[in-house]
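This report refers to the structure that appears directly beneath it.
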Amino acid sequence: MVSGKDTLAFNTEPFIKIRKDLHQIPELGFQEVKTQRYLLNYIEELPNKDWLEWKTWRTGILVRLGGSSPTRTIGYRTDIDGLPIEEETALPFISEHPGMMHACGHDLHMSIALGVLTYFSGHQPKDNLLFVFQPAEEGPGGAKPMLESEEFKSWKPDRMVALHIAPELPVGTVGTKTGFLFANTSELFIDLKGKGGHAAYPHQANDMVIAASYLVTQLQTIVSRNVSPLDSAVVTIGKIAGGTKQNIIAENARIEGTIRTLTIDSMHLVKERIEGMVKGIESSFDCELSIDYGANYCQVFNSEAETSAFIDFVKELDYVKFFESEKAMTGEDFGYFLEEIPGFMFWLGVGSEHGLHSSKLNPNEDAIDCAIRLLIDYVKGA
Ligand SMILES: CC(=O)N[C@@H](CCC[C@H](N)C(=O)O)C(=O)O
């Protein structure tokens, strides 16, 4: 058994305060200017600059720690963006940015990364470490362009690790699995254009509120009637907007959603069916529709050897309990890192009554200490 509490006299308290600070300044993808500045201010103050170097990439940051006798580079990725959600917690450190919130735990992900980085900036690791502060995970997707950048390629690691908070798991627990962890995803935006008019003259207009309503209903049949019952997919419409006033027939409407599938073939099937339905709505309502698939993420597929070794390692710890995870229809552009580099993502229990993307998400900050110790011990033993 390995006891992080016994073996590590490392104070993780400062990272609670850092999490609170970061929680107050959520920013959307590729707009993480204050967040990047906050992180850089911290990184610039770290000791031992002789084995520490960093560079920025757009609104992200790459920090490299040179090892004492390196044979490889271990990469650890945190996402840094927030969501367009009006926070509804009553926390004293509530978001200062109206309409934006760290409702997916990226504030915790960042503070954990800084904790591990701080430890190893004072205790030179054997292998090189790369800390990846990646923008725009929630969209439009920062992982793919970052992977393709010269900044990343010149420091490309041999292994990649990331975590994601899990509100439904208690603090002190960690879950993952080998192979498929998260789904293939595609955003979905459909714009409808018809003919507006006076509410009292419907025969002279093409009402896009009605057309959008039919389309939303039809889309629900894709999973129930087109995807094999032995496969799985999700088509969620999270937003619908249309019209201007209660007594004006709507000329425009917009539907926004997301598609999740277990395979790329099912993603193609779902998109084909959406395109068929869109054509049907155009002819039955005499209007014009356009589809934009926005950001598409590949599945998160944990490599066998690295994930199994991590699971064995976690099972030996006396301060963390391991859970075998189920597949999830969550999306994560970390999947792009794992397409090129072996590694894994794992869930970190944060015991919140409210889930991911909820305006009331309130993770238990004790999970920060647990994750920092776990990752330090993992790197030391890897
Ligand atoms: C962990 C998590 O919640 N990730 C997001 C990723 C969003 C991808 C993209 N914007 C989409 O909606 O398809 C998720 O919603 O699963």
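Counting from 1, position 339 in the sequence shown corresponds to residue 917 in the numbering used here; the numbering is continuous, with no gaps. Glycine included, each C-beta is placed from N, C-alpha and C at the ideal position. Predicted model only: the values in this text are computed from it and were never measured.
Residue i, DSSP secondary structure in three states
{"i": "N619", "result": "helix"}
{"i": "D769", "result": "strand"}
{"i": "I672", "result": "coil"}
{"i": "F924", "result": "strand"}
{"i": "T814", "result": "strand"}
{"i": "T613", "result": "helix"}
{"i": "A968", "result": "No information on residue 968 is available, as it lies outside the stretch 579 to 960 that the chain covers here."}
{"i": "I837", "result": "strand"}
{"i": "R655", "result": "strand"}
{"i": "D599", "result": "helix"}
{"i": "Y956", "result": "helix"}
{"i": "K627", "result": "helix"}
{"i": "A945", "result": "helix"}
{"i": "A883", "result": "helix"}
{"i": "V710", "result": "strand"}
{"i": "L747", "result": "coil"}
Euclidean distance between Cα positions of residue i and residue j
{"i": "E902", "j": "K893", "result": "11 Å"}
{"i": "L934", "j": "G909", "result": "12 Å"}
{"i": "I826", "j": "S862", "result": "21 Å"}
{"i": "E631", "j": "E829", "result": "55 Å"}
{"i": "D864", "j": "A778", "result": "20 Å"}
{"i": "Q545", "j": "I594", "result": "Residue 545 is absent from the structure shown; the chain starts at 579 and stops at 960."}
{"i": "E622", "j": "H687", "result": "19 Å"}
{"i": "G821", "j": "G775", "result": "10 Å"}
{"i": "K817", "j": "P807", "result": "27 Å"}
{"i": "I676", "j": "I663", "result": "One detail in the question is off: residue 676 reads as Pro in this sequence, not Ile. P676 and I663: Cα-Cα distance of roughly 8 Å."}
{"i": "F922", "j": "F912", "result": "9 Å"}
{"i": "S647", "j": "D955", "result": "18 Å"}
{"i": "Q614", "j": "M724", "result": "15 Å"}
{"i": "T885", "j": "L708", "result": "19 Å"}
{"i": "I837", "j": "L692", "result": "33 Å"}
{"i": "V710", "j": "D736", "result": "13 Å"}
{"i": "T667", "j": "C682", "result": "14 Å"}
Counted within 10 angstroms of its Cβ, other Cβ atoms place residue i as buried (16 or more) or exposed
{"i": "S764", "result": "buried"}
{"i": "A744", "result": "buried"}
{"i": "K633", "result": "exposed"}
{"i": "D584", "result": "Because D584 sits at a pLDDT of 46, beneath the cut-off of 50, its placement in the model cannot be relied upon, and the point is left open."}
{"i": "V611", "result": "exposed"}
{"i": "H846", "result": "exposed"}
{"i": "K731", "result": "exposed"}
{"i": "D809", "result": "exposed"}
{"i": "T839", "result": "buried"}
{"i": "H680", "result": "buried"}
Distance between beta carbons of residue j and residue i, contact taken as under 8 Å
{"i": "I946", "j": "I690", "result": "6 Å"}
{"i": "R655", "j": "Q712", "result": "6 Å"}
{"i": "G549", "j": "K899", "result": "Look at the range of the chain in this structure, 579 to 960, and you will see that residue 549 is not part of it."}
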